[in-house]
Every structure is written in structure tokens, then in C-alpha cells.
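Asker: I have a structure here, written as C-alpha cells, and I will follow up with some questions on it.
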Amino acid sequence: MSTATVPAAAAAAAAPEKKKPMMLIAVVVALVMAGAGYWFFLKPSSAEGAEAPKPEPTPGVVVDLDPLTLNLADGRYLKMGLSLEVTEEAQAAAGKEGVNGAKARDAAITILGQRTYEQMLQPKTKEAAIKTLEKEIKKRYDGDVMDVYVTELVMQ
């Protein structure tokens with residue numbers, strides 16, 4: 164009796180050891196199959212998710228706006244000149260009248276009018292204010308303005 168129980172115990176101990184590698188292989192195969200299924204069936208193709216790139220706008224003329232004098236937040240004055248580089252399409256749409264600079268002038272009054280004389284004296288804050296102004300002008304013209312140039316900047 165004692166000899167019969169030893170081989171049965173050894174066989175029972177060996178069975179779980181054989182099941183572990185088989186279980187591990189089954190899990191790895193299932194993960195690989197799931198990944199392949201996602202890759203082929205659920206992942207959007209590059210043609211579906213990508214839009215056709217828009218052609219780059221062609222630069223047109225540089226429009227010089229009349230100099231603008233505005234009040235700074237602390238009561239001092241800022242005189243500035245702006246020029247807008249517009250696209251050919253915007254230039255053609257404007258016709259003989261030319262591009263209207265009202266949006267750019269309004270943006271300058273709104274953004275720079277919040278700054279003080281001391282802030283505008285510091286190069287970093289002045290550059291940040293001008294960058295903010297450029298972004299706002301480009302946004303207001305819906306892509307018709309390619310670049311903004313500050314041609315004059317005098318404070319008193």
C-alpha cells in the first residue's frame with residue numbers, strides 16, 4: 164500500500180507543474196490574437212483619420228496701417244505703426260479698397276491698452292505683448308494675415 168501512494172503523490176505534484184507553462188502559453192497566444200484583431204479590424208486607417216493638407220497660402224502685399232495712438236493702463240500714451248502681410252486671396256477679395264485694418268487696430272487697443280508704461284519698457288514683457296497681439300490679429304482675420312510687423316513703437 165505504501166508503494167502505491169508514493170507514485171500517485173508524485174504524479175499529482177507533477178500535474179500542476181505541467182499546467183503552468185501551458186496556461187502561460189495560452190495567455191500569451193490570446194493576447195497576441197487580441198492585438199492582431201485590433202490592428203486589422205478596429206484601428207482607423209490613415210486615409211480615414213487624416214484630412215487632405217490645405218495648400219499653403221501665397222503671400223500677397225504688405226499693407227501699412229495708419230499710426231495708432233492709444234492710452235496705456237497707467238494713463239501714458241503709446242504710438243504704434245502696424246503693417247499686415249496678407250494673402251493673395253485676401254488682397255483679391257478686398258479689391259481696390261484694400262484690406263480693412265479695423266480689426267488689427269481694435270486688437271492693438273484691446274491688448275496693449277491693458278499694459279502699463281513700465282511693462283512695455285521691459286523687453287520680455289513688450290515682446291510677449293506684441294506676440295499676443297500678432298496671434299490675436301491672425302485669429303481675427305481667419306488666416307488672411309500671414310504676418311504682422313510693428314513698424315513704429317513710441318511711448319510717452
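Following the numbering used here, the numbering of the sequence shown begins with 164 at its first residue and continues without gaps.
A virtual CB, placed ideally from N, CA and C, is assigned to each residue, including glycine.
1. Note down, in chain order, each residue of its chain lying with its Cβ closer than 8 Å to the Cβ of K266, except the 5 sequence neighbours on either side.
2. Are the segment 249 to 260 and the segment 272 to 280 in contact at 8 Å, needing three or more beta carbon pairs?
3. Just to confirm the assignment: which complete alpha helix (DSSP H) runs, minimum length 4, are found wholly within the segment 219 to 285?
4. Sort V224, Q319, P222 by Cα distance to L284 and report the nearest one.
5. My assumption, with CB atoms under 8 Å, is that T288 sits in contact with S246. Please give the rounded CB distance.
6. Would you call M243 buried or exposed, if buried means 16 or more other Cβ atoms sit within 10 Å of its Cβ?
7. Apart from the five residues just before and just after R239, which ones in its own chain have a Cβ nearer than 8 Å to its Cβ?
8. I need the straight-line Cα distance from G198 to K183, nearest angstrom please.
9. Can you check which of these residues, G200, M196, L205, I293, is closest to R268 by C-alpha distance?
10. Could you check where the beta strand (DSSP E) with Y201 kicks off and where it finishes?
Answerer: This is what the structure gives:
1. What you label residue 266 is simply residue 103 of the sequence shown in a count that begins at 1. Within its own chain, the residues whose Cβ lies closer than 8 Å to the Cβ of K266, once the five positions on either side in sequence are excluded, are I300, R303, Y304, listed in chain order.
2. Judged by Cβ distances under 8 Å, the segment 249 to 260 makes no contact with the segment 272 to 280, as fewer than three pairs qualify.
3. Within the segment 219 to 285, the complete alpha helix (DSSP H) segments of 4 residues or longer fall at 251 to 257, 265 to 275, 280 to 284, listed in chain order.
4. Within the sequence shown, the letter at position 121 stands for residue 284. Ranking V224, Q319, P222 by Cα distance to L284 puts Q319 first.
5. Working through the sequence shown from its first residue, we reach residue 288 at position 125. Working through the sequence shown from its first residue, we reach residue 246 at position 83. The C-beta distance from T288 to S246 rounds to 22 Å, too long to fall under 8 Å, and the pair is not in contact.
6. By 1-based counting over the sequence shown, the position of residue 243 is 80. Around the CB of M243, 16 or more other CB atoms lie within 10 Å, so the residue is classed as buried.
7. Mapped onto the sequence shown, residue 239 falls at position 76. Closer than 8 Å at the Cβ level, and outside the excluded window around R239, lie T279, Y280, M318, Q319.
8. In the sequence shown, the residue the question calls residue 198 occupies position 35. In the sequence shown, the residue the question calls residue 183 occupies position 20. Their Cα atoms are separated by approximately 23 Å.
9. Stepping through the sequence shown from its first residue, residue 268 is reached at position 105. Looking at the Cα atoms, I293 is the closest of the given residues.
10. The sequence position of residue 201 within the sequence shown is 38, counting from 1. Unbroken run through Y201: none, as it is neither H nor E.
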